[in-house]
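A.B. asks:
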Amino acid sequence: MLDDTDRNTDLERQREGSRADDAAVAGGLQAIEGKNEKWWAYFTTKEFVIVLVLGQILALCITGTNTLSSLLVQKGTSIPAFQTLFNYVLLALIYVPYTIYKYGARKYFKLLLTDGWKYIILSFFDVEGNYFTVLAYRYTNIMSAQLINFWAIIVVVLVSFFLLKVRYKWTQILGIVICCGGMGMLIGSDHISSDSGYYMPTQVKGDLFCLAGATFYGLTNVAEEWFVSKKPAYEVLGMLGLFGIIINGITASIFDRHSFKGATWDGDVAGYIVGYTIILCLFYSLAPIMFRMGSAAFFNISLLTGNFWGVVIGIKVFGYKIYYLYPIAFVLIILGLIVYFLAGSMLGDSKKPWLGENQERGVAGLGTAKLKAIKEAQAQHTVASDSVAVAAPHIHYS
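Residues in the sequence shown are numbered consecutively from 284, following this note's numbering.
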């Protein structure tokens with residue numbers, strides 16, 4: 284009888300804690316959005332600077348992995364599934380033990396049973412996206428492979444609109460169009476500069492693989508944005524690494540067997556694979572912050588500048604010749620990124636429509652609107668001090 288009373292008391296405390304959380308978040312969201320006095324107000328926040336800079340760091344990461352993939356192909360080593368396997372191993376080594384430490388073994392294995400199938404789908408999309416994109420470098424070059432990835436933006440926008448019920452403002456659509464216009468300028472400059480010296484006879488085949496990879500990437504980005512908005516990032520990355528090892532291992536055993544035997548293995552190749560793995564792991568670790576502070580759409584248009592960075596690196600590494608439209612296109616893409624947030628909320632894209640009006644179905648993690656609202660509520664004293672104290676233990680700084 285006493286045990287039942289204790290249980291009921293604990294449940295009531297949890298409900299009170301949940302109500303305190305909701306009150307803190309609702310008050311915080313109201314306070315933050317109430318600051319939106321000017322159409323350019325979001326540009327004055329540190330969040331805008333962070334999300335803009337973070338996008339360029341991620342673009343440089345992608346450029347780095349693309350460059351190393353091209354160098355591997357030049358060495359005669361084209362093993363698209365195998366070279367990415369180490370990234371999933373590293374993710375699993377970093378994030379799975381930490382997740383078990385945070386959850387405990389029993390809760391973690393229960394999570395595998397209940398939510399494992401969802402993470403298998405996410406991992407499948409991600410593995411195949413990596414596989415087809417890296418495979419494309421066997422048949423095309425770094426420039427074409429990067430230029431074709433704008434298709435991922437279309438996939439993200441359509442899937443977000445129909446499945447996640449995201450409704451884009453006209454400024455967001457205009458920003459995406461401007462960014463794609465910059466991309467079109469890059470593509471046009473490639474055709475104009477016929478002396479650029481990087482055409483390959485198998486380029487069409489490579490571009491088709493790029494389209495397949497971009498489609499899977501688009502699906503992965505939307506799915507990961509959904510996951511990290513509801514779950515701690517370390518859980519998502521750990522599961523992605525764990526199931527990625529299995530799916531990627533199967534893919535490599537089927538498709539990379541012959542390529543593995545004929546590949547070149549020397550110190551340079553080892554260095555390229557190590558560099559590729561470290562840069563890609565950094566990319567994966569930073570991406571959840573972008574998905575929380577921004578969105579899958581902004582994530583992808585930010586990566587478009589990777590084409591410019593690819594040319595900058597390609598001039599030195601591959602002997603590319605730069606056409607005068609490239610710097611103009613880069614500025615155009617950056618302009619599109621700024622236009623994307625015109626007349627928007629002070630929360631940017633961090634407030635997710637599928638989490639509820641007060642983000643009650645989301646996690647209070649690093650970069651989320653929910654955590655920002657709780658901090659704002661604490662700073663503004665919009666909730667009683669004892670309510671804030673109850674809310675704090677539910678915050679996941681992850």
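All C-beta atoms in this analysis are idealised placements derived from N, C-alpha and C, irrespective of residue type, glycine included.
Under 8 Å: do the stretch 549-562 and the stretch 349-364 share three or more Cβ pairs, one atom per stretch?
C.D. replies: yes
A.B. asks: Nearest CA to the CA of residue 348: which residue from 332, 372, 413?
C.D. replies: 413
A.B. asks: Could you tell me the distance, in whole angstroms, from the CA atom of residue 332 to the CA atom of residue 537?
C.D. replies: 44 Å
A.B. asks: Give me, in chain order, the residues of the same chain whose beta-carbon lies closer than 7 Å to that of residue 547; leave out the 5 immediate sequence neighbours on both sides.
C.D. replies: 358, 359, 360
A.B. asks: Is the Cβ-Cβ distance between residue 594 and residue 607 less than 8 Å?
C.D. replies: no
A.B. asks: Going by DSSP in three states, residue 647 sits in which element: helix, strand or coil?
C.D. replies: For residue 647, the secondary structure class from DSSP, reduced to helix, strand or coil, is coil.
A.B. asks: Once you ignore the five residues that flank residue 338 on each side, which residues in its own chain have a CB closer than 6 Å to its CB?
C.D. replies: 585
A.B. asks: Which residue wins for smallest C-alpha separation from residue 541, given the options 313, 365, 350?
C.D. replies: 365
A.B. asks: Hey, residue 625 and residue 454 are a contact pair by Cβ (cut 8 Å); roughly how many whole angstroms apart?
C.D. replies: 4 Å
A.B. asks: Here's the rule I'm using: 16 or more other beta-carbon atoms within 10 Å means buried, otherwise exposed. How should residue 334 be labelled?
C.D. replies: buried
A.B. asks: Runs of 3 residues minimum, wholly inside the stretch 332-399: which ones carry the beta strand (DSSP E) assignment?
C.D. replies: none
A.B. asks: Tell me the rounded alpha-carbon separation between residue 690 and residue 489.
C.D. replies: Any question about residue 690 goes unanswered here, given that the chain covers just 284 to 681.
A.B. asks: Can you tell me where the alpha helix (DSSP H) with residue 441 in it begins and where it stops?
C.D. replies: 434-446
A.B. asks: Distance check for residue 314 and residue 405, CA to CA, integer angstroms please.
C.D. replies: 35 Å
A.B. asks: Within this structure, are the beta carbons of residue 375 and residue 524 separated by less than 8 Å?
C.D. replies: yes
A.B. asks: Please confirm whether residue 408 and residue 346 have their CB atoms less than 8 Å apart.
C.D. replies: no
A.B. asks: Under the three-state reduction of DSSP, which class applies to residue 407: helix, strand or coil?
C.D. replies: helix
A.B. asks: Which runs of the alpha helix (DSSP H), 4 residues or longer, sit entirely within the stretch 454-539?
C.D. replies: 486-513, 516-538
A.B. asks: Out of 459, 402, 451, point me to the one whose CA is closest to residue 529's CA.
C.D. replies: 402
A.B. asks: Of the residues 321, 343, 660, 311, which one's Cα is nearest the Cα of residue 597?
C.D. replies: 343
A.B. asks: Taking the C-alpha atoms as reference points, what is the distance between residue 587 and residue 433?
C.D. replies: 7 Å
A.B. asks: Please state whether the Cβ-Cβ distance between residue 418 and residue 363 is less than 8 Å.
C.D. replies: yes
A.B. asks: Report whether the distance from the Cβ of residue 445 to the nearest heavy atom of the ligand COA is below 7 Å.
C.D. replies: This structure simply doesn't include the ligand COA, nor any ligand for that matter.
A.B. asks: By how many angstroms is the C-alpha of residue 516 removed from the C-alpha of residue 439?
C.D. replies: 20 Å
A.B. asks: Straight-line CA distance for residue 592 to residue 613?
C.D. replies: A direct Cα-Cα distance of roughly 9 Å separates residue 592 from residue 613.
A.B. asks: Identify the continuous alpha helix (DSSP H) that holds residue 327 and give its terminal residues.
C.D. replies: Looking at the DSSP string, residue 327 is not in any alpha helix (DSSP H), and its letter there is neither H nor E.
A.B. asks: For residue 638, which residues from the same chain have a beta carbon less than 7 Å from its beta carbon, with the 5 sequence-adjacent residues on both sides left out?
C.D. replies: 512, 644, 645
A.B. asks: Please classify residue 449 as buried or exposed, where buried requires at least 16 neighbouring CB atoms within 10 angstroms.
C.D. replies: Counting C-beta atoms within 10 angstroms of its own C-beta, residue 449 has 16 or more neighbours from the protein chains shown and is therefore classed as buried.
A.B. asks: Does the Cβ of residue 312 have 16 or more other Cβ atoms within 10 Å, making it buried, or fewer, making it exposed?
C.D. replies: buried
A.B. asks: Could you compute how far the alpha carbon of residue 307 sits from the alpha carbon of residue 583?
C.D. replies: Spanning the two alpha carbons is a distance of roughly 32 Å.
A.B. asks: Comparing C-alpha positions only, which one of 457, 398, 422, 435 sits nearest to residue 618?
C.D. replies: 457
A.B. asks: Please classify residue 684 as buried or exposed, where buried requires at least 16 neighbouring CB atoms within 10 angstroms.
C.D. replies: The structure shown does not extend to residue 684, since the chain is modelled only from 284 to 681, so the question has no answer here.
A.B. asks: Between the alpha carbons of residue 621 and residue 444, how many angstroms are there, rounded?
C.D. replies: 21 Å
A.B. asks: Report the three-state DSSP secondary structure of residue 548 (helix, strand or coil).
C.D. replies: coil
A.B. asks: DSSP three-state label for residue 569, please.
C.D. replies: Residue state, collapsed to three classes: helix.
A.B. asks: Could you tell me the boundaries of the alpha helix (DSSP H) in which residue 641 lies?
C.D. replies: First-last for residue 641: undefined, no H or E at that position.
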